[in-house]
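Enquirer: Chains as they are written, first to last, in this note's numbering: chain A, 1 to 138; chain B, 139 to 276.
So that we are looking at the same thing, I have put the structure below in structure tokens.
Number of protein chains: 2
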Amino acid sequence: MTARGGTSDSAPSGESGAERISDAEYAVMEVLWKRSPQTAAEVCERVCATRDWSMPTVKTLLARLVQKGALATQPDGRRFLYSPLIERRAYVGTESKRMVDRLFGGRAAPLFAHLAENEALTDEDIAEIERLLRELKK
Amino acid sequence: MTARGGTSDSAPSGESGAERISDAEYAVMEVLWKRSPQTAAEVCERVCATRDWSMPTVKTLLARLVQKGALATQPDGRRFLYSPLIERRAYVGTESKRMVDRLFGGRAAPLFAHLAENEALTDEDIAEIERLLRELKK
DNA sequence: GCGATATGACTACATCTGTAGTCTGAACGC
DNA sequence: GCGTTCAGACTACAGATGTAGTCATATCGC
Chain A
1 MTARGGTSDS
11 APSGESGAER
21 ISDAEYAVME
31 VLWKRSPQTA
41 AEVCERVCAT
51 RDWSMPTVKT
61 LLARLVQKGA
71 LATQPDGRRF
81 LYSPLIERRA
91 YVGTESKRMV
101 DRLFGGRAAP
111 LFAHLAENEA
121 LTDEDIAEIE
131 RLLRELKK
Chain B
139 MTARGGTSDS
149 APSGESGAER
159 ISDAEYAVME
169 VLWKRSPQTA
179 AEVCERVCAT
189 RDWSMPTVKT
199 LLARLVQKGA
209 LATQPDGRRF
219 LYSPLIERRA
229 YVGTESKRMV
239 DRLFGGRAAP
249 LFAHLAENEA
259 LTDEDIAEIE
269 RLLRELKK
């Protein structure tokens, strides 16, 4: 939740460390969750045009993610191959829960009400949610 | 909305300004959404013990929120009475959507899948969501 | 083998956020 | 009226984040 806010106390994925992954860092993680390992240059190819970043920016973000324990490095000649150390689903789960806790006191129904009101639910979403609800009731 | 991260571009509630409300600032807004107008001292009474903050901290957060356009001030003698300029529901809606956009590509069903997996859905939530689904299908 | 180069290491700086201290003066209370 | 006090205004500082530049060097390629 984007309230951005520095000194938070949640782990990137609940594993180790206590740092958060920032928006910019998350964009880098997304690239590597899609495909890894990759080099810094490869990551930049995928993200620099859309985000209007330059290579030094990506390198900084990668280094910070390594520092935070979110990425692993594997030497490959003069460069590193970067791989995620946290799973996307774990990260997404933690962040989702954190937002629900923060904005909705941990309750999912109010969140759903909000999304429904704002027409953020497609017919597909509805069908999928109904399917999930059926499974939950088993 | 959590990835904390400074220079974001979303408005507190889509009204004016381009600043985000941080976690700490949000705690202050919550107090004033519950009851306003209130003075800085009153806000501190409600939040300083639980957050282990002192009065200067609250005053800073209030001033920043005023600067961001999220709070209005009404002189009352030597002090101000603070009131929200943005509605909680608007803020919560924006933040929810932002997170769904960011983590789930704007789709709500995957979010529910995550919450369901993590047992974040109570029986009450499920019943409520079903009710909302029924209304949506009308 | 050697010059070129890519890339990590390191640095820079502005802004935001978290937390709090200091000071002044208008309001307050006696 | 006057001393006191409270609270806004202002300041401070550390850490996080966004964005990027510089440099040294090991690897690369010829």
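We put the beta carbon where it would ideally sit given N, CA and C, even for glycine.
Which runs of the beta strand (DSSP E) fall wholly inside the region 194–242 of chain B and span at least 3 residues, in chain order?
Expert: Listed in chain order, the complete beta strand (DSSP E) runs (minimum 3 residues) inside the region 194–242 of chain B are 209–214, 217–222.
Enquirer: Of all the residues that make up the region 73–103 of chain A, which are near chain B by a beta-carbon distance shorter than 7 angstroms?
Expert: Flagged, chain order: Val-92, Gly-93, Glu-95, Ser-96, Lys-97, Arg-98, Met-99, Val-100, Leu-103.
Enquirer: To the nearest angstrom, how far is the alpha carbon of Pro-248 (chain B) from that of Ser-192 (chain B)?
Expert: Computed Cα separation, rounded: 41 angstroms.
Enquirer: How should Pro-75 (chain A) be labelled, buried or exposed, when 16 other C-beta atoms within 10 angstroms of its C-beta is the threshold for buried?
Expert: Exposed, by the Cβ-count rule.
Enquirer: Touch check for the region 63–83 of chain A and the region 201–218 of chain B: three-plus C-beta pairs under 8 angstroms?
Expert: Segments in contact, no.
Enquirer: May I have the straight-line CA-CA distance separating Thr-145 (chain B) from Arg-134 (chain A), to the nearest angstrom?
Expert: Bear in mind that a pLDDT of 38 at Thr-145 (chain B), under 50, signals an unreliable position, so the model cannot answer this.
Enquirer: Just reading off the alpha helix (DSSP H) that Leu-274 (chain B) is part of, what are its end residues?
Expert: 261–274 is the extent of the alpha helix (DSSP H) around Leu-274 (chain B).
Enquirer: Roughly how many angstroms separate the alpha carbons of Ile-267 (chain B) and Ala-113 (chain A), rounded to a whole number?
Expert: Rounded to whole angstroms, Ile-267 (chain B) to Ala-113 (chain A) spans 8 angstroms at the Cα level.
Enquirer: Please report how far the alpha carbon of Thr-198 (chain B) lies from the alpha carbon of Tyr-229 (chain B), in whole angstroms.
Expert: Their backbone Cα atoms lie some 21 angstroms apart in a straight line.
Enquirer: Measure from the alpha carbon of Tyr-164 (chain B) to the alpha carbon of each residue in B:Glu-262, B:Leu-200, B:Asp-190, B:Ala-187, then state which is nearest.
Expert: The shortest Cα separation from Tyr-164 (chain B) among B:Glu-262, B:Leu-200, B:Asp-190, B:Ala-187 belongs to B:Leu-200.
Enquirer: Does at least one heavy atom of the ligand HEM sit under 8 angstroms from the Cβ of Arg-79 (chain A)?
Expert: Of ligands this structure carries none, so the ligand HEM is not represented either.
Enquirer: What does Arg-107 (chain A) reach in chain B if we use C-beta pairs closer than 7 angstroms?
Expert: Within 7 angstroms Cβ-Cβ: Asp-263.
Enquirer: Could you compute how far the alpha carbon of Asp-123 (chain A) sits from the alpha carbon of Lys-172 (chain B)?
Expert: In a straight line, the C-alpha of Asp-123 (chain A) is about 35 angstroms away from that of Lys-172 (chain B).
Enquirer: Residue ranges of each alpha helix (DSSP H) run of no fewer than 4 residues wholly in the region 29–56 of chain A, ordered along the chain?
Expert: As far as the region 29–56 of chain A is concerned, its whole alpha helix (DSSP H) runs of at least 4 residues are 40–51.
Enquirer: Nearest CA to the CA of Glu-30 (chain A): which residue from A:Phe-104, A:Arg-20, A:Arg-88, A:Lys-138?
Expert: Checked all of A:Phe-104, A:Arg-20, A:Arg-88, A:Lys-138; the closest Cα to Glu-30 (chain A) is A:Arg-88.
Enquirer: Determine the burial state of Thr-232 (chain B): buried for a count of at least 16 other Cβ atoms within 10 Å of its Cβ, exposed for fewer.
Expert: Looking at its Cβ environment, which holds 16 or more other Cβ atoms inside 10 Å, Thr-232 (chain B) is buried.
Enquirer: Return helix, strand or coil for Glu-157 (chain B), following the three-state DSSP convention.
Expert: Three-state result, Glu-157 (chain B): coil.
Enquirer: What does Leu-61 (chain A) reach in chain B if we use C-beta pairs closer than 9 angstroms?
Expert: What Leu-61 (chain A) touches in chain B: nothing, since even the nearest Cβ is about 11 angstroms away.
Enquirer: Rank A:Arg-51, A:Asp-125, A:Cys-44, A:Leu-32 by C-alpha distance to the C-alpha of Arg-245 (chain B) and give the top, closest one.
Expert: Comparing Cα-Cα distances from Arg-245 (chain B) to each of A:Arg-51, A:Asp-125, A:Cys-44, A:Leu-32, the minimum goes to A:Asp-125.
Enquirer: Could you tell me if Asp-161 (chain B) is buried or exposed, where buried requires 16 or more neighbouring beta carbons within 10 angstroms of its beta carbon?
Expert: It is buried - the Cβ of Asp-161 (chain B) has at least 16 other Cβ atoms within 10 Å.
Enquirer: Among the candidates B:Gln-205, B:Met-237, B:Ala-210, B:Thr-195, whose CA atom is the shortest distance from the CA of Ser-174 (chain B)?
Expert: For Ser-174 (chain B), the nearest C-alpha among the options comes from B:Ala-210.
Enquirer: When the Cα of Ala-254 (chain B) is compared with those of A:Ala-127, A:Lys-97, A:Leu-115, which residue comes out closest?
Expert: Considering only alpha carbons, the answer is A:Lys-97.
Enquirer: Only counting the same chain, and skipping five residues up and downstream in sequence, which positions put a Cβ closer than 8 angstroms to that of Val-204 (chain B)?
Expert: Ala-210, Thr-211, Tyr-220.
Enquirer: Can you give me the C-alpha to C-alpha distance between Leu-270 (chain B) and Pro-194 (chain B), rounded to a whole angstrom?
Expert: Cα-Cα distance, rounded: 44 angstroms.
Enquirer: For Ile-21 (chain A), which residues from the same chain have a beta carbon less than 8 angstroms from its beta carbon, with the 5 sequence-adjacent residues on both sides left out?
Expert: Contacts found: Pro-12, Met-29, Leu-65, Lys-68, Ala-70, Tyr-91.
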